[in-house]
Structures are given as structure tokens and as C-alpha cells.
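*Asks:*
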Amino acid sequence: MRTRVVFVVVAVVAMVGLAGCTLSAFQESTATTSDSETAPAPDDGGALADPEEDVKGWENGVWYNESLAVTPGDGLNESELAAVVNRSMARVEYVRNVEFDRRVPVSILSREEYRERQSGGGGGGDEAAATREAVRLEALFLVGESTDAQEEQAETRSASVQGFYSPNADEITIVAPSSTPTVDEVTLAHELVHAYQFRGNLDVRFPQSPTRDEQRALVALIEGDANFVDRQVRERCGAEWACVGHETGGEESTSDGGTTADGDGGGEEGGSGAAAAPRPNMGLYLLSYFPYAEGEAYVAATKERGGWAAVNALYSDPAASSEQIIHRNDDAVESVSVPDRSSGEWSRVGNGGVVAGEADVATMFAATLYDDVEGSIVSRDQFLTDSGPVPITYALPPSAGWAGDSLYAYERDDGDTGYVWRLRFDDDGEAREFARAYRDLLRYRGADAGDDGVFVIPDGPYADAFYVDVSGSRVTIVNAPAVEDLGDVHEPASQRVAPANALAPSPPCVAPLAV
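Following full-length UniProt numbering, the numbering of the sequence shown begins with 1 at its first residue and continues without gaps.
1. What's the C-alpha gap between Thr32 and Trp346?
2. Look at the alpha carbon of Asp488 and the alpha carbon of Asp413, and state the distance between them as a whole number of angstroms.
3. Give me, in chain order, the residues of the same chain whose beta-carbon lies closer than 6 Å to that of Gly353; leave out the 5 immediate sequence neighbours on both sides.
4. On the DSSP bridge assignment, give the partners of Thr417 in chain order.
5. For Asn479, name the three-state secondary structure that DSSP assigns.
6. Looking at the unbroken alpha helix (DSSP H) that takes in Tyr196, where does it start and where does it end?
7. Mind checking who Ile174 pairs with in its DSSP beta bridge?
8. In chain order, what residues of the same chain lie with their CB nearer than 7 Å to the CB of Ser88, ignoring the 5 residues before and after it?
9. Compare the C-alpha of Val456 against each of Val470, Asp440 and Ser119 and name the closest.
10. Closer than 8 Å by C-beta to Gly460: which residues in its own chain qualify, once you throw out the five before and the five after it? Chain order, please.
11. Grab me the residues of Leu314's own chain with a C-beta within less than 7 Å of its C-beta, minus the 5 sequence neighbours each way, in chain order.
12. Taking the alpha-carbon of residue 544 as reference, which of Ser376, Asp317, Phe425 and Val361 has the nearest alpha-carbon?
13. Between Ser209 and Ala320, what straight-line distance do the alpha-carbon atoms span, to the nearest angstrom?
14. May I ask you to list the residues that DSSP assigns as paired with Cys237?
15. Going by alpha carbons, who is nearest to Gly245 out of Glu52, Gly388, Glu80 and Ser471?
16. Does Pro207 pass the burial test, meaning 16 or more other C-beta atoms within 10 Å, or should it be called exposed?
17. By a C-beta neighbour count over all protein chains shown, 10 Å radius and 16 as the cutoff for buried, is Glu214 buried or exposed?
18. How about Ala465 and Ala449: are their beta carbons less than 8 Å apart?
19. If we cut at 8 Å on Cβ distances, does Glu145 have a partner in chain C?
20. Extract the residue ranges of the alpha helix (DSSP H) inside the stretch 310-384, only unbroken runs of 4 or more that lie entirely within it.
21. May I ask whether a heavy atom of the ligand HEM can be found less than 7 Å away from the beta carbon of Asp54?
22. If the criterion is Cβ atoms closer than 8 Å, does the pair Phe290 and Ser342 meet it?
23. According to DSSP, simplified to helix, strand and coil, what is Glu52?
24. Pull up the distance between the alpha-carbon of Glu66 and that of Arg102, whole angstroms please.
25. Pull up the distance between the alpha-carbon of Asn86 and that of Leu202, whole angstroms please.
26. Helix, strand or coil for Leu486, going by three-state DSSP, please let me know.
27. Which residues does DSSP list as the beta-bridge partners of Ser406?
28. Taking 8 Å as the threshold (C-beta atoms), are Asp317 and Arg216 in contact?
29. Out of Leu142, Glu99 and Val98, which one is the CA nearest neighbour of Tyr370?
30. Label Val373 either buried or exposed according to how many other C-beta atoms from any shown protein chain fall within 10 Å of its C-beta, with 16 as the threshold for buried.
31. State the DSSP-derived secondary structure class of Ser79, mapped to helix, strand or coil.
32. Have a look at Gly415, Asn351, Leu442 and Arg328 and flag the residue whose alpha-carbon is nearest the alpha-carbon of Thr368.
33. Please name the residue, chosen from Pro397, Asp451 and Val336, that lies closest to Val475 on a Cα-to-Cα basis.
34. If we count Cβ pairs, one from each stretch, closer than 8 Å, do we get three or more for the stretch 282-297 versus the stretch 385-403?
35. Taking Cβ positions, are residue 536 and Trp421 nearer each other than 8 Å?
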């Protein structure tokens, strides 16, 4: 039997069914998966007979549709938790048509305990990587330069995470809303899918040095698969099954537990989360929501076309970009590069640029729907849909023609930062459409427009100078603290440094959303 390899991902940010992950390591396994032989359905009601051998839909003495004698209202004791985990494993086997070869350890942590652990994580690490990440989030207008990007991400995770799986420990941690130790079986199902994925059960083929956007595409498959399964479990809760921790009116339900997935940025974990007070940074929320929303739709469409065998096959030939996930195509990503033309006290941070990808570009525009600023760059009808498993789409007009990009961070000796972001589009018209929307976005953020493509945001979290140039199907954006710095960050911009004339912003295109 051929040995198969499985990726291990590092989760980044999570919210209401959101998270991002990055490739971390590999481990080997000889486990297999197939679409053959689903578990025989046991008779409903009464004591259910155990099978003579392990089958899909039965784990450690518990069937997928078996009732449990548990009282979750006062918390789950050790034996009750074990029974719930066994049933959840059986349900994942039944829905996903897989077989676990061993039990997955599960522990419960209160949200307060989780917050304390997060706050104890601290900074440190790669300073250049942290700067590049902060610049990326600033370029997307999601986290201002005066805000600590790492802290903002940690706060969003702490408010929203419901659980995560750690491949290193091979263990699931459920984050309970209070000190009462209970679980949501839908969250548990999601994390159990991750356990199955990360234990080496899938034949994975992936580039050795993937771009950030390639990683996002892989995460969309990982989280989309888990989200699709937990949705199947959720839909059966109440209607067919009693579910612990999920508001269904069933005998074992305790509270509403809508779930998806997310991760814990503090370690090598894949996870699940749902919205919780306090309200998270909505821009980061939407950024991390992409793998769950578009990933689930991607997996659902694949399963409908070819069953679980087709979904499994995706892991050996994963999508190469978020564009391929969003549009269900196989368009190649155009390589984009920008020569380093910085001068004076400015220098490029790190090696090479970061490929933001279409999902990030779409988020930049969609986030304006949830600001407290009047108007938005895209409309509610463009972002919210009436079809698909998750009713939103990242296929937005200003970003849909994306063909490739590269974002380079720059830093001055005094610690100020800037960037050069070059994007390519499918044709000249798509480039012009993006540039129009981006200029509107600058005005939306308070920019005054001057001559020759120069904009200045005079104050606020994104106070900076911007130069926007359109050349055929290519758009180049240069950012610096002030107009006179633009040419030092990227020399061609030095010819476009006429003082910005204060022009009135263009009128907003749609009314703000009530969120």
C-alpha cells in the first residue's frame, strides 16, 4: 500500500466560522479512505447492538444515532464527555464516510482560561515577518498603523474561537462559554474532521514553498471540508439526532451552537469558532471567513459532482489560488514582481513580496459594508447571496478580474513603513475597474485627491500618501507616510509628488449596513 503524506497547518485568525492557516510540517500514514461500505443503520430506540467488528458510524460502543444518558446542564463529567466524543466520532464517520483508527483526546477550556493563555503568548518571533504582516493588513485597510496587528488578531480570536485541534498533541480543545465544562457536538464534529485530515489519511500534493494565496486555497479545502460535515451534522440535530450543546429541542440540547471553524494563531492548530461578544474587528472577521464560506461551497459542489471520492482527490491536486476557489476555475496565477527602487533611508523588508490574492482584495472592499462610515464600495446585494451553503460571495466586481499580485513592505530607519503593491488583471478593463474602486476606497477612507494619481489621507488610522498608476492590465500602488516620501519608497513615484489638491470625496454608492 502506498504511503501517504498529510499537511499540518498553523491556524491564524478565527471568527464566526473563520480562520486562516499556513503550511507547517508533514507526517506519514498508511491509512486509507473510500466511498465504499457505509455503516448499517441500527434500529432506532432502545439499546443498540454493537457490531462484531468496527464499522463506519460506530465508535467505542456508541452508534451515530444512539441516545446518551448525559446531563450537560451541570457540565460533563469524564465518562459523559467520553460518550459524547465517541458518538461524535461515529457521526463524522457516518456523514464523511471515513473510519477513525483510534480515539481523539478532547479537553474543555473556559473562554476566560483561553483568553489568559492567549494573553500570555506574547510577541517575539520574526520581526520582519511581523512587519510584513502589519503592512499587509494596513494595505487592505483592515488594521491601522497605530494599532498592534498581532494584538488585534488575538483579541478577535479570543472573542470568537470555540475550539481547535492541535496536530502536535493530536488533541482537540473545546472552548466553553463559561466555567461549566460542556461541548457543542457540532463544533466537536468540525474538529474531528480536522483530526482525521491531519492524521495522515489523505493523499496530499502541495508545493514546497507555497505563496500565501496558495496556502489560503489549501485552507479553504481543509476548512470547507470540515464546515460541510458540521453543517450536515447540524441539520440532523433535532430533526433526526439529539445533540449535546446544540439548541434543537432535543433531550440533550443546552444552548445554541452554530459553528464553523477557526484557529488559534498561537500554535500549530486548526480550529473552529463562532461569533461572540465583544464584536470582533469585522475586516479581520471577513478576511478569515473566506476559507469557510467559499471553501464549503467548493467542497459541496465537488461532492455533488463526484461524491466523497472527488473531494478526497482534491487534496492530491489542490487549487493554486483563492481565485480558483472563488470561481471554480483552473486559471493560472500570473507571476508579478517589482524591482526594489527604494532610496535614502528606506529599505525593503524581507525577501520577495507577499501574494495577497483575490480573496484578500475582495475583503478590502467588502469590509466597508460593516464600517460606521457612511456608504460602502460594494453593495449588500453584491456580497450577500441567496444561494449556496453559505450566503455570501467573494466574487465581487472590483476584484473578480484579479490575475496575480505582489505586495512589498518597506521600512525607514525611524520605523515608519510603506509599501508597493502591484496587481495584474485579466484585461485592461478589469484593471481600470479595480483602480476606480480603489480610488473610491481611498476617498471613503478620507483621502484628498491630487494630480497625477496622488492621494493623501490627512489623519486617522490610515493617514498616509498614496500613488495609483494604471498601465494596461497592471495597477501599481505606492504608499508612504508623506507625499515627499513616495519617490524614496519607489523611485518612479518621485515624478508624481505634486501636492494633493483638496477635492470633495465622491458620493457614497450605497447606504451602510446595519450590523
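For each residue, glycine too, the CB sits at the ideal point set by N, CA and C.
*Replies:* Concretely, from the data shown:
1. Numbered from 1 along the sequence shown, position 32 holds the residue referred to as residue 32. Numbered from 1 along the sequence shown, position 346 holds the residue referred to as residue 346. Because Thr32 sits at a pLDDT of 39, beneath the cut-off of 50, its placement in the model cannot be relied upon, and the point is left open.
2. The count along the sequence shown starts at 1 and reaches residue 488 at position 488. The count along the sequence shown starts at 1 and reaches residue 413 at position 413. Rounded to the nearest angstrom, the two C-alpha atoms are 12 Å apart.
3. Taking the first residue of the sequence shown as 1, we reach residue 353 at position 353. Excluding sequence neighbours, Gly353 sits near Ser406, Leu407 and Tyr408.
4. Taking the sequence shown and counting its residues from 1, one reaches residue 417 at position 417. Glu411, per the DSSP bridge assignment.
5. For the purposes of this step, residue 479 is taken as the residue at position 479 of the sequence shown. Strand.
6. Your numbering for residue 196 matches position 196 in the sequence shown. From DSSP, the alpha helix (DSSP H) with Tyr196 extends over Glu185 to Phe198.
7. One-based indexing of the sequence shown puts residue 174 at position 174. Paired residues: Ile108 and Gly163.
8. As a working note, residue 88 is residue 88 in the sequence shown. The residues are Glu185, Leu188, Ala189 and Leu192.
9. Within the sequence shown, the letter at position 456 stands for residue 456. Out of Val470, Asp440 and Ser119, Asp440 has the C-alpha closest to the C-alpha of Val456.
10. Here residue 460 corresponds to residue number 460 of the sequence shown, with the count starting at 1. Gly144, Arg445 and Gly446, listed in sequence order.
11. Residue 314 sits at position 314 when you count from the first residue of the sequence shown. Taken in chain order, the residues that qualify are Leu221 and Thr302.
12. Residue 544 cannot be examined here, being either before or after the span of the chain that is shown, 1 to 515.
13. Position 209 of the sequence shown holds residue 209. Position 320 of the sequence shown holds residue 320. Their backbone Cα atoms lie some 12 Å apart in a straight line.
14. The residue labelled residue 237 in the question sits at position 237 within the sequence shown. Answer by DSSP bridge pairing, in chain order: Trp241.
15. Residue 245 sits at position 245 when you count from the first residue of the sequence shown. Closest by alpha carbon: Glu80.
16. Start at 1 with the first residue of the sequence shown, and residue 207 comes out as number 207. By the neighbour-count rule (16 or more Cβ atoms within 10 Å), Pro207 is not buried but exposed.
17. Mapped onto the sequence shown, residue 214 falls at position 214. It counts as buried.
18. Stepping through the sequence shown from its first residue, residue 465 is reached at position 465. Stepping through the sequence shown from its first residue, residue 449 is reached at position 449. Their beta carbons are not under 8 Å apart, which means Ala465 does not touch Ala449 by this criterion.
19. Among the chains in the structure shown there is no chain C, since it carries only a single protein chain.
20. 322-327, 358-366 and 380-383
21. With respect to small molecules bound, the structure shown includes none, and the ligand HEM cannot be examined in it.
22. Here residue 290 corresponds to residue number 290 of the sequence shown, with the count starting at 1. Here residue 342 corresponds to residue number 342 of the sequence shown, with the count starting at 1. The answer is no: Cβ separation not under 8 Å.
23. In the sequence shown, the residue the question calls residue 52 occupies position 52. In the structure shown, Glu52 sits in coil (DSSP, three-state: anything other than H, G, I, E or B).
24. As a working note, residue 66 is residue 66 in the sequence shown. As a working note, residue 102 is residue 102 in the sequence shown. Each residue's alpha carbon lies about 20 Å from the other.
25. Start at 1 with the first residue of the sequence shown, and residue 86 comes out as number 86. Start at 1 with the first residue of the sequence shown, and residue 202 comes out as number 202. Their Cα atoms are separated by approximately 22 Å.
26. Along the sequence shown, one-based indexing puts residue 486 at 486. Reduced to three states, the DSSP call for Leu486 is helix.
27. Stepping through the sequence shown from its first residue, residue 406 is reached at position 406. Partner(s): Arg422.
28. Residue mapping note: residue 216 aligns to position 216 of the sequence shown, counting from 1. Residue mapping note: residue 317 aligns to position 317 of the sequence shown, counting from 1. Not a contact, by the Cβ cut-off of 8 Å.
29. As a working mapping, residue 370 is identified with position 370 in the sequence shown. That would be Leu142, whose Cα lies nearest to the Cα of Tyr370.
30. The residue you call residue 373 lines up with position 373 of the sequence shown. By the neighbour-count rule (16 or more Cβ atoms within 10 Å), Val373 is not buried but exposed.
31. Looking up residue 79 in the sequence shown gives position 79. It is helical.
32. As a working mapping, residue 368 is identified with position 368 in the sequence shown. Taking only the C-alpha atoms, the option nearest Thr368 is Leu442.
33. As a working note, residue 475 is residue 475 in the sequence shown. Nearest of Pro397, Asp451 and Val336 to Val475, Cα basis: Val336.
34. yes
35. Nothing can be reported for residue 536: it is not among the residues displayed for the chain, which extend from 1 to 515.
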